[in-house]
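Below you'll find the structure, written out as structure tokens, and then a few comments.
4 protein chains.
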Amino acid sequence: MIKVGIIGSTGYAGQELVRLLTGHKDAEIKWFGSRSYINKNFSDIYQNYFQIVNDKCLDDNIDLLADEVDVIFTATPQGFCSSLLNEAILSKAKVIDLSADFRMKDVSIYEKWYELKHNNPQFLATAVYGLSEVNRSVIRNSNLIANPGCYPTCTILSIYPLLKEGLIDKNSIIIDAKSGMSGAGRSAKTDNLFCEVNENIKAYGVTSHRHTPEIEEQLSYSAGSEVLINFTPHLIPMNRGILTTSYATLKKEFSYEEIKSAYDKYYAAEKFIRVLNKDVFPQTKWVEGSNFIDLNFKIDARTNRIVIMGAIDNLIKGAAGQAVQNMNIMFNIDEATGLLQVPMFP
Amino acid sequence: MIKVGIIGSTGYAGQELVRLLTGHKDAEIKWFGSRSYINKNFSDIYQNYFQIVNDKCLDDNIDLLADEVDVIFTATPQGFCSSLLNEAILSKAKVIDLSADFRMKDVSIYEKWYELKHNNPQFLATAVYGLSEVNRSVIRNSNLIANPGCYPTCTILSIYPLLKEGLIDKNSIIIDAKSGMSGAGRSAKTDNLFCEVNENIKAYGVTSHRHTPEIEEQLSYSAGSEVLINFTPHLIPMNRGILTTSYATLKKEFSYEEIKSAYDKYYAAEKFIRVLNKDVFPQTKWVEGSNFIDLNFKIDARTNRIVIMGAIDNLIKGAAGQAVQNMNIMFNIDEATGLLQVPMFP
Amino acid sequence: MIKVGIIGSTGYAGQELVRLLTGHKDAEIKWFGSRSYINKNFSDIYQNYFQIVNDKCLDDNIDLLADEVDVIFTATPQGFCSSLLNEAILSKAKVIDLSADFRMKDVSIYEKWYELKHNNPQFLATAVYGLSEVNRSVIRNSNLIANPGCYPTCTILSIYPLLKEGLIDKNSIIIDAKSGMSGAGRSAKTDNLFCEVNENIKAYGVTSHRHTPEIEEQLSYSAGSEVLINFTPHLIPMNRGILTTSYATLKKEFSYEEIKSAYDKYYAAEKFIRVLNKDVFPQTKWVEGSNFIDLNFKIDARTNRIVIMGAIDNLIKGAAGQAVQNMNIMFNIDEATGLLQVPMFP
Amino acid sequence: MIKVGIIGSTGYAGQELVRLLTGHKDAEIKWFGSRSYINKNFSDIYQNYFQIVNDKCLDDNIDLLADEVDVIFTATPQGFCSSLLNEAILSKAKVIDLSADFRMKDVSIYEKWYELKHNNPQFLATAVYGLSEVNRSVIRNSNLIANPGCYPTCTILSIYPLLKEGLIDKNSIIIDAKSGMSGAGRSAKTDNLFCEVNENIKAYGVTSHRHTPEIEEQLSYSAGSEVLINFTPHLIPMNRGILTTSYATLKKEFSYEEIKSAYDKYYAAEKFIRVLNKDVFPQTKWVEGSNFIDLNFKIDARTNRIVIMGAIDNLIKGAAGQAVQNMNIMFNIDEATGLLQVPMFP
């Protein structure tokens with residue numbers, strides 16, 4: 311049994327970790343951390359767990375926690391994990407951080423886009439970017455995982471094979487992303503009230519969203535040289551789901567089969583990446599409640615561009631699910647353990 | 311391994327059976343019946359099953375099917391199961407019918423409310439009403455289950471202890487029910503288009519909904535004499551979930567504790583029935599994706615009435631989940647097998 | 311031109327007043343009161359008014375305001391209007407209060423249900439309950455209107471003819487109400503976040519909602535003696551709209567025509583009350599964006615009860631629209647001025 | 311009084327024409343055409359018009375109609391208007407066609423993208439593309455208007471000043487569009503059912519949507535030479551609203567002010583085009599129920615691209631509203647007559 315502690319268990323991503331780990335045959339949650347609800351019943355905060363989880367919320371004592379568990383998930387605001395981490399903790403427990411603290415290697419980029427001082431940049435070198443399918447082998451041997459953001463997961467997996475195989479102009483990439491509201495978290499803000507979101511759509515963070523440099527860094531690794539992108543996220547009146555629509559110029563005319571074989575080369579054996587049949591496009595509803603990413607592409611011969619679409623459940627493949635997948639890899643158990651939920655429809 | 315056949319596997323309830331049984335360790339689906347999609351890939355109809363279910367849809371040949379499987383689920387329109395059933399089928403396989411064909415003992419009531427002729431009333435006597443928690447022992451020994459309707463499941467379980475214990479005036483019961491749209495099925499009707507449903511609420515079937523006599527018959531058994539009710543269903547702009555708000559006059563002044571102990575007497579040991587803490591009221595979201603029914607009540611001393619609220623996922627506890635629960639009972643395996651999903655939030 | 315001041319113009323009901331009065335040919339808004347946004351552009355708070363309303367928000371100086379306008383709307387929290395009102399104000403301007411401060415004649419009931427001390431109970435005697443169609447003649451001569459609550463408007467108009475004509479047992483009334491989220495206001499609360507409301511339905515304020523005594527008082531006037539009711543409101547994942555489903559026992563067997571003639575007696579000449587054709591039931595979408603209330607009823611001969619359904623746009627007929635209707639009455643102009651919007655569909 | 315006939319009055323766009331014209335002081339609807347509902351009360355099909363519109367639906371006799379009215383709106387499927395139109399009709403009445411039949415000058419493009427034979431290509435030369443703000447002077451003198459599509463209206467107005475002023479690379483334009491469901495019409499299709507759309511987002515018509523050549527033709531006029539674009543529409547779980555997010559490469563570095571002055575040059579005097587304040591981005595909710603288009607842009611200095619966002623109510627500025635605006639221009643009355651509704655929020 312893997313003993314698990316969660317810091318930030320009462321955010322949307324944190325409680326999704328609870329849900330997935332409650333059904334995980336090889337893991338057991340020992341610590342439901344939540345600064346906001348210390349000593350309250352977890353199931354009073356999230357009533358879906360009534361008679362299922364009987365634990366109380368505990369304080370965020372990461373040092374104590376490191377003595378008691380094998381792996382710590384931090385589903386906390388930016389700056390939290392990096393401010394508390396130290397060698398002693400990492401020597402005792404593995405850490406999977408769902409925040410952005412260890413996602414970018416260049417601390418100046420983090421500090422610029424997040425407008426925060428980074429307290430522990432010395433761990434950046436060893437932290438592994440936890441995009442499971444891409445970095446599986448280094449994840450396995452790491453004890454500090456920077457779990458990817460929701461938009462980056464969907465975007466990078468959409469484009470990765472095209473850059474690796476050199477099929478697209480790396481300076482032509484434009485990403486138009488659409489997200490359900492659970493990505494905005496559970497804090498009480500007027501902008502996130504039902505009446506402000508329902509029957510509405512808007513772009514936000516235009517040219518300035520903080521997932522931009524995270525995507526660019528990973529795409530740059532794929533391309534082998536620096537990639538700059540345009541990234542525009544939008545808020546959609548639904549709870550879960552991200553759809554990214556990515557555009558790029560093809561380096562020359564390619565057939566459907568040529569592009570498809572690039573995706574197959576990297577993803578054919580991947581359980582959680584589903585490249586759909588030709589002309590069947592991803593819909594977020596078809597992956598809701600699951601760890602899948604659904605992908606497909608369409609070539610526009612008129613403009614010689616390719617349109618790539620990807621769909622994930624932002625709380626699962628985009629957060630808690632991928633975190634559990636990384637845990638499975640790190641503990642050398644079947645990577646799909648606890649993640650075999652069929653998407654729920656309708 | 312229990313071999314399972316599903317007739318009507320491409321309706322919303324049918325495909326939910328597929329989802330639950332795909333995750334059921336002791337069952338295996340051998341027949342994906344769907345008259346509308348014969349020879350099509352099941353996963354082309356429901357893309358969530360892409361790379362999960364690789365079977366094709368088959369015709370509704372119930373006689374052939376009975377030779378091949380241990381249990382047949384019929385998730386079909388009213389009149390279908392009753393028109394095809396015969397002794398030979400029942401001698402070879404157990405049948406769990408999700409339609410209304412065998413729910414009411416009095417064939418004239420069925421024929422009046424459903425405006426259909428019943429083709430096999432001789433099976434009504436032996437068919438068992440599959441309200442799992444109430445009829446468990448007879449379900450176990452039955453080979454023909456009439457799986458309860460979604461509204462009746464939520465309503466009857468809400469009121470059952472009060473009538474059994476004689477706490478309410480049986481002539482005072484009024485049920486105001488609210489349902490998500492998946493209860494209306496997948497057929498293409500203008501009334502069920504997104505634009506007609508979204509940002510809208512309406513009552514329908516006022517005084518004439520066909521679940522009325524089903525509820526009345528079961529409540530009459532609980533009360534020991536005939537019960538007539540008012541039942542008004544409403545359509546809510548959401549996919550899943552039923553909330554029933556029931557009103558009844560208390561026979562005398564009762565304390566919270568007295569009423570609570572009636573619920574505890576019948577439900578304290580029930581895994582899937584959760585009577586919430588005092589003054590915590592059910593919300594459909596807290597049971598979505600699970601087989602739970604959440605219940606609670608509130609006494610109004612001013613009018614001496616009791617208000618009872620129940621919440622279920624209409625496709626699970628109100629249809630496919632209870633059907634699987636009944637299968638587990640009939641095959642003498644752990645009743646919760648395949649049904650331990652934690653409700654999904656948000 | 312009627313000069314208008316609005317205190318609380320940046321709440322949902324307040325800004326709806328702005329919308330209706332912006333299109334009102336005989337009225338002009340002189341004061342956009344909003345304590346929270348003093349000196350900010352009104353159209354920065356509500357961007358729909360960009361290039362339409364160019365005014366800044368002002369402080370809530372009701373004494374100064376009374377000098378400058380003919381009528382003051384207070385769309386403010388309970389306790390606000392009653393704490394500031396005085397004879398001087400009322401001698402200079404008419405006041406239409408959208409809060410509950412002057413709705414109930416008995417100050418002790420107000421103080422008990424609202425858990426507030428009432429600062430100016432001396433005005434309760436002269437304040438007029440602004441249910442336009444019922445109290446038109448007294449509204450005309452009043453200078454202080456207690457504008458009805460949203461649920462009470464829909465409920466009372468649903469039942470009024472039945473009690474006036476003595477057709478129902480006054481002790482049998484049960485009201486099950488469903489409301490969109492705009493009724494909950496614009497303040498930032500976790501419970502009202504999109505993700506908590508969407509795909510969810512719940513009852514709240516069960517047996518204790520503060521509109522209960524308001525409804526009871528008005529129904530008691532209609533009945534000529536005290537009426538106690540059960541009132542259960544529910545929250546629905548939509549922005550606008552209230553549907554009330556009311557139940558009562560008929561005093562004897564009545565035909566459809568007998569009941570219909572009672573509604574016709576009171577409502578046939580009413581522009582904003584639409585009793586629908588037989589067996590056509592109200593839907594909130596059919597009144598959205600308008601000042602209409604749609605009504606209909608269904609007799610259940612089996613239980614001798616009547617089910618009455620009413621639908622309004624809670625922000626219009628349930629708040630700002632009825633307030634404007636009352637203003638029109640008070641200033642002796644055509645009652646429908648500024649209120650002739652056709653409901654918007656879909 | 312302008313006498314109006316509507317063919318196709320019971321589609322979503324048709325009934326929105328009814329709503330706008332019902333409130334238009336200089337117009338009167340004389341003919342509610344609807345092949346599907348001949349002799350039925352219009353208000354039985356759209357209950358919002360109960361007691362407002364008392365007319366019955368009539369057959370689509372366009373020749374007879376031309377004798378009786380001054381202007382005919384055809385809100386009908388592609389191919390309908392072009393198949394019936396003749397010189398006699400156009401000599402008697404003006405025609406505003408909301409379908410695509412006369413939008414593109416090159417009949418071969420129409421026939422290729424719409425897969426229909428065009429029956430009256432001889433009218434293409436004189437038909438005027440009714441983008442009100444761009445083609446006002448020719449609209450005024452036309453008797454056959456091709457009313458623009460919803461996506462094209464939002465897209466072209468977003469980009470028009472940039473191409474006219476030569477600020478962007480005309481080969482770099484990518485348009486990512488998001489639409490509410492009313493754009494899909496009222497016909498009963500499984501894909502448009504509430505449960506299939508709610509909690510879901512998908513792209514459709516990728517690289518093949520029929521509004522592509524319409525947008526390209528108009529942008530080519532703006533640019534002075536051929537423009538090819540990528541256009542990807544998405545369906546959003548809401549009733550009304552289109553948001554387009556457009557991307558283009560700037561020809562050189564431009565400041566915010568330089569770009570803004572291009573928009574001001576064309577739009578500063580336009581009542582229905584609102585270029586929002588700097589860094590305030592359009593949201594569909596802020597224009598819902600109105601004829602406005604809200605626009606804004608953001609320069610990304612890192613990639614030297616510009617992102618332009620536009621929001622409209624697809625049924626108003628994207629269909630019926632612009633059609634009425636065109637009628638007002640053609641009949642030389644105030645262009646805003648009947649179109650001054652303030653957007654409705656929330």
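Residue numbers (this note's numbering), protein chains in the order written: chain A, 311 to 656; chain B, 311 to 656; chain C, 311 to 656; chain D, 311 to 656.
Just so it is clear, CB atoms sit at the ideal spot from N, CA and C, and this is done for glycine as well.
Keep in mind that this is a model prediction, so the values were computed, not measured.
Of all the residues that make up the region 619–648 of chain C, which are near chain B by a beta-carbon distance shorter than 9 Å?
M619 and A621
So Q432(B) contacts chain C; which residues on that side make the cut at Cβ distance below 9 Å?
In chain order: nothing, as chain C lies at least about 29 Å away.
Going along the region 578–594 of chain B in order, which residues come within less than 9 Å of chain C, judged by CB to CB distance?
D589, F591, P592, Q593 and T594
DSSP bridge partner residues for L368(A) (one or two, in chain order):
G343(A)
For D377(A), collect the residues of the same chain with a Cβ closer than 7 Å to its Cβ; drop the 5 residues on either side in sequence, then sort them by chain order.
K402
Could you work out which residues of chain C lie near G333(D), taking near to mean beta carbons separated by less than 8 Å?
L650, Q651 and V652
Helix, strand or coil at R496(A) [DSSP, three-state]
coil
Got a sec, what are the start and stop residues for the beta strand (DSSP E) K607(B) sits in?
It is worth fixing the name first, because residue 607(B) is Phe in this sequence and not Lys. F607(B) -> beta strand (DSSP E) spans I603 to D610.
Close beta carbons around A513(C), own chain, < 6 Å, minus the five adjacent residues each side
T542 and H544
Since C367(A) meets chain C, which of its residues come closer than 7 Å, beta carbon to beta carbon?
Going along chain C, no residue has its Cβ under 7 Å from C367(A), so there is no contact; the nearest lies around 16 Å.
Quick one: what's Y439(A) bridged to in DSSP?
A456(A)
Which residues in the same chain as M548(A) place their Cβ atom closer than 6 Å to its Cβ, once the five residues preceding and following it in sequence are excluded?
G490
If you reduce the DSSP assignment to three classes, tell me which class T320(B) lands in.
coil
Limits of the beta strand (DSSP E) - the one that S600(C) falls within
Counting along the chain, S600(C) falls outside any beta strand (DSSP E), and DSSP gives it neither H nor E.
Ordered along the chain, which non-local residues of its own chain (more than five positions away) have a Cβ less than 7 Å from that of L625(B)?
Y322, A323, E326, S492 and R550
E567(C) to R612(C) span [Cα, whole Å]:
18 Å
Is the region 518–534 of chain D close to the region 421–429 of chain D, with three or more CB pairs under 8 Å?
yes
Counting only beta-carbon separations shorter than 8 Å, does G493(D) have a partner in chain A?
no
Taking a cut of 8 Å between CB atoms, which residues from the region 533–561 of chain D lie near chain A?
L538, I539, N540, T542, H544, I546, P547, M548, N549, R550, G551, L553, T555 and Y557
Only counting the same chain, and skipping five residues up and downstream in sequence, which positions put a Cβ closer than 7 Å to that of D336(A)?
M311, I312, I643 and T647
Return the Cβ separation of V627(A) and N606(A) in integer angstroms, given the expectation that the two are a contact with Cβ distance under 8 Å.
Looking at the sequence provided, one finds Lys at residue 627(A) rather than Val. The Cβ separation is near 16 Å, so there is no contact.
Interface positions of the region 498–516 of chain D facing chain C (Cβ-Cβ less than 9 Å), listed along the chain:
N508 and E509
For the region 472–484 of chain C, list every residue whose C-beta sits within 7 Å of some C-beta in chain B, in sequence order.
I484
Interface residues of chain D facing R612(A) [CB-CB closer than 7 Å]
L538
What residue range is occupied by the uninterrupted alpha helix (DSSP H) comprising Y576(A)?
Y566 to Y577
Do T436(D) and L454(D) count as a contact pair if the criterion is CB distance below 8 Å?
yes
Using a Cβ-Cβ cut-off of 8 Å, state whether E598(A) counts as contacting chain D.
yes
What residues in its chain sit with their C-beta under 8 Å from that of D486(A), if we drop five residues either side in the sequence?
T542, H544, T554, T555, S556 and Y557
Would R446(A) pass as an interface residue toward chain C - the criterion being a Cβ-Cβ separation below 8 Å?
no
If the cut-off is 9 Å on Cβ atoms, which residues from the region 347–365 of chain B count as contacting chain A, listed in chain order?
D354, Y356, Q357, N358, Y359, F360, Q361, I362 and V363
Any idea which residues DSSP pairs G620(A) with across the strands?
T554(A) and L605(A)
Rounded to whole angstroms, what's the CA-CA distance from I348(B) to Y356(B)? Just pull it up for me.
14 Å
Helix, strand or coil, according to DSSP, for A646(B) in the structure here?
coil
Which of the three DSSP states is assigned to Q593(D) in this structure?
strand
With distances taken from CA atoms, which of M654(B), F655(B) and L650(B) is nearest G333(B)?
L650(B)
Which stretch, first to last residue, makes up the alpha helix (DSSP H) that contains V634(A)?
G631 to M640
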